Amino acid sequence: MDHPIIIERQDRVVIVTLNRPAARNALNSAVMLTLADDLAPLDRDPGVGCFVIRGSEKAFAAGADIKEMADKTFAEMYTQDFFAAWERFAALRTPKIAAVSGYALGGGCELAMMCDMIFAADTAMFGQPEIKLGVIPGMGGTQRLTKLVGKAKAMDLILTGRMMDAAEAERAGLVSRVIAADKLMEEALAAAQTIATYGKTAAMAAREAVDRALELGLREGIVFERRLFHALFATSDQTEGMAAFIEKRPPSFTGK
Ligand code: CAA
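Heads up: the sequence shown begins at 4 in this note's numbering, then just goes up one per residue.
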């Protein structure tokens with residue numbers, strides 16, 4: 004059996020390719036567990052500065068694997084806490100970019116939303132069609148989509164099961180950039196390489212603070228940010244970054 008994901012390294016960037024193209028990258032348990040297990044050590048590796056997650060040209064991922072789920076009972080889903088391991092992917096602290104080409108449906112859209120940024124090819128189609136299967140999103144879609152695009156658009160997508168194209172997704176605030184399909188990886192990799200040149204400690208702190216904005220009230224969020232900002236003055240990257248600016252030279256960050 005082919006490995007459900009392919010991991011490649013380009014300097015400080017790790018490219019993760021979902022590798023079930025014939026099944027439109029349907030996210031079965033093997034994909035879920037392999038992603039969580041294989042990326043955990045890379046997340047802790049100071050030499051890894053950014054992840055890029057991609058699917059195939061046709062499909063980033065067409066959702067959870069319907070064939071794997073079809074015969075399950077409530078007791079099996081509940082006692083196994085089916086999908087819980089996805090939170091291990093969501094909890095990775097290294098910045099991660101979803102490079103979405105083609106379909107990002109159901110769990111595919113939810114996986115993209117677990118990333119810090121979504122770069123969408125102009126061919127990308129997003130949706131939460133679970134209602135058509137007699138269920139609802141189960142990998143965080145009702146929560147993350149609503150936080151990201153607001154109730155109006157989230158209800159529209161989740162209740163009708165319709166798809167939205169890349170332009171609508173950008174207008175809704177779901178995606179950071181829409182890119183011509185043949186330039187998607189080039190631009191995602193360029194952004195990832197840029198992020199990976201910065202200190203990993205600062206990059207992790209930045210994404211953690213932005214994520215907190217989705218969970219905390221403004222006052223608590225600002226206190227959280229300020230504590231992290233102050234803490235970064237304990238890093239040599241702060242000393243280096245500011246010295247480099249003053250000395251008019253490029254900084255050399257170590258993540259320390
Ligand atoms: N699970 C399992 N298999 C899937 C799949 C999925 N989510 N999506 C596609 N496949 C399989 C198809 O069954 C088909 O397999 P066979 O060749 O063995 O018949 C193969 O992938 C190719 O699919 P299509 O022929 O349908 O390809 P297409 O290009 O005509 O259409 C598509 C692509 C629009 C994505 C269509 O496949 C589709 O609608 N897929 C299902 C989308 C969906 O309902 N996603 C939600 C899943 S539930 C979920 O994700 C729950 C959650 O919250 C986590």
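Backbone N, C-alpha and C fix where the C-beta goes; we use that ideal spot for every residue, glycine too. Source: prediction; values computed, not measured.
How many Å lie between residue i and residue j at the Cα?
| i | j | result |
| --- | --- | --- |
| Asn22 | Leu114 | 15 Å |
| Met167 | Arg15 | 33 Å |
| Ile161 | Lys259 | 43 Å |
| Met117 | Glu243 | 32 Å |
| Glu171 | Lys154 | 15 Å |
| Glu218 | Gln83 | 27 Å |
| Ala93 | Ala194 | 20 Å |
| Val51 | Arg12 | 9 Å |
| Met35 | Thr145 | 19 Å |
| Ser104 | Gly58 | 7 Å |
| Ala102 | Ala169 | 12 Å |
| Asn31 | Met80 | 14 Å |
| Leu142 | Gly202 | What sits at residue 142 in the sequence shown is Met, not Leu. Each residue's alpha carbon lies about 31 Å from the other. |
| Thr76 | Ala87 | 16 Å |
Quick check on DSSP: helix, strand or coil for residue i?
| i | result |
| --- | --- |
| Met142 | coil |
| Val34 | helix |
| Val226 | helix |
| Ala62 | strand |
| Leu261 | Because residue 261 is not part of the residues shown, which for the chain are 4 to 259, the question remains open. |
| Thr20 | strand |
| Glu250 | coil |
| Phe236 | helix |
| Arg15 | coil |
| Arg47 | helix |
| Arg57 | strand |
Closest to residue i by CA distance: which of the options is it?
| i | options | result |
| --- | --- | --- |
| Ala205 | Ala195, Ala193 and Gln241 | Gln241 |
| Glu90 | Ala29, Asp40, Ile8 and Ile225 | Asp40 |
| Arg96 | Phe77, Pro44 and Thr145 | Pro44 |
| Lys70 | Ala195, Gly50, Val51 and Ala26 | Ala26 |
| Leu136 | Leu187, Gly202, Asp185 and Asp68 | Asp68 |
| Gly235 | Gly52, Ala212, Gly143 and Leu42 | In the sequence on display, residue 235 carries Leu and not Gly. Nearest option by C-alpha distance: Ala212. |
| Phe54 | Met80, Asp159, Ile9 and Pro253 | Ile9 |
| Met188 | Val138, Glu79 and Ala124 | Ala124 |
| Ile134 | Leu42, Leu151 and Asp159 | Asp159 |
| Val19 | Pro49, Arg180, Lys99 and Asp119 | Lys99 |
| Arg180 | Lys156, Asp214, Leu38 and Phe122 | Phe122 |
| Glu60 | Asp185, Met142 and Ser32 | Asp185 |
| Ile56 | Asp119, Asp74 and Ala88 | Asp119 |
Using a Cβ-Cβ cutoff of less than 6 Å, which residues in the same chain neighbour residue i once the five nearest sequence positions on both sides are dropped?
| i | result |
| --- | --- |
| Gly66 | Leu108, Gly109, Gly110 and Gly111 |
| Lys150 | Leu217 |
With a threshold of 8 Å, establish whether the CB of residue i neighbours any heavy atom of the ligand FMN.
| i | result |
| --- | --- |
| Gly137 | No copy of the ligand FMN appears in this structure; the ligands present are the ligand CAA. |
Spatial neighbours of residue i within its chain, please: CB distance less than 7 Å, with the 5 preceding and 5 following residues excluded, ordered by chain position.
| i | result |
| --- | --- |
| Phe129 | Ala107, Cys112, Met166, Met167, Ala172 and Leu177 |
| Glu255 | Note on residue identity: the sequence assigns Ser, not Glu, to residue 255. So the list reads Glu243, once near-sequence residues are dropped. |
| Ile198 | Gly52, Cys53, Pro98 and Ala206 |
| Phe227 | Ala212, Arg215 and Leu219 |
| Val152 | Ala175, Gly176 and Leu177 |
| Pro7 | Asn22, Arg23, Ala33, Val34 and Thr37 |
Please work out which residues of its chain come closer than 8 Å, Cβ to Cβ, to residue i, disregarding the five sequence neighbours upstream and downstream, and give them in chain order.
| i | result |
| --- | --- |
| Gly164 | Gly130, Gln131, Pro132, Glu133, Ile134 and Lys135 |
In chain order, which continuous runs of the alpha helix (DSSP H) of length 4 or greater are located wholly inside the region 149-214? 154-163, 169-175 and 187-200
Would you mind listing the alpha helix (DSSP H) stretches within the region 66-143 that are 4+ residues and don't spill past its ends, in chain order? Within the region 66-143, the complete alpha helix (DSSP H) runs of at least 4 residues are 69-72, 77-82, 89-93 and 110-117.
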